[in-house]
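Residue numbering for the sequence shown follows the working numbering, beginning at 2 and increasing consecutively.
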Amino acid sequence: MSKGSIKEDKNLEERLKSYPLLKARIEELIEVVENNREDIEKADIAEQRVLEEVRKIGREAILSWSESQSKKKTEEIKKRKELRKHKKKD
């Protein structure tokens, strides 16, 4: 884990509130592990379900990352435009 990714002021649950779809996928993975539905009786089925959920988590993580990057870039562009406006006025 890099220094920049440590969030001392927020725990995992608080951070996941910003990513509801990712949170839902992680909850689904936990459902598989806990097997509360008692629908998984064999290891190969458990493995298949875990792999499916991990793939979904991966897709959701990449989607969340791309949305975050898009927002950051949009904000950067807006700030640059504002700076240019202020420089032209001077």
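Ideal placement from N, C-alpha and C gives every residue a C-beta, glycine not left out.
Computed from a prediction, not measured in an experiment: that's the story for all the values here.
What number of angstroms, rounded off, separates the C-alpha of Thr-75 from the C-alpha of Ser-19? In the sequence shown, the residue the question calls residue 75 occupies position 74. In the sequence shown, the residue the question calls residue 19 occupies position 18. Straight-line Cα distance between these residues: approximately 19 angstroms.
Per-residue burial, Arg-60 [other beta carbons within 10 Å of its own, 16 or more giving buried]: The residue given as residue 60 occupies position 59 in the sequence shown. Arg-60 should be labelled exposed.
Determine the direct distance from the alpha carbon of Ile-41 to that of Lys-80, and round the result to whole angstroms. Taking the first residue of the sequence shown as position 1, residue 80 is located at position 79. Taking the first residue of the sequence shown as position 1, residue 41 is located at position 40. The straight-line gap from Cα to Cα measures roughly 52 angstroms.
Which listed residue (Leu-30, Glu-35 and Ala-62) has its alpha carbon closest to that of Val-51: The count along the sequence shown starts at 1 and reaches residue 51 at position 50. Selected option, being the one with the closest Cα: Leu-30.
On the CB-based measure, 16 or more other CB atoms within 10 Å of its CB, does Val-55 come out buried or exposed? Along the sequence shown, read from residue 1 onward, the residue named residue 55 stands at position 54. Burial is judged here by how many other beta carbons sit within 10 angstroms of a residue's own beta carbon; Val-55 has fewer than 16 and is exposed.
Coil, strand or helix - Ile-63 by DSSP: Taking the sequence shown and counting its residues from 1, one reaches residue 63 at position 62. In the three-state DSSP reduction, Ile-63 falls in the helix class (H, G or I).
Any idea if Leu-84 is buried or exposed, counting beta-carbon neighbours within 10 angstroms, 16 or more meaning buried? Along the sequence shown, one-based indexing puts residue 84 at 83. So Leu-84 ends up on the exposed side.
Secondary structure at Ser-19, three-state DSSP: helix, strand or coil? For the purposes of this step, residue 19 is taken as the residue at position 18 of the sequence shown. Here Ser-19 sits in coil by DSSP.
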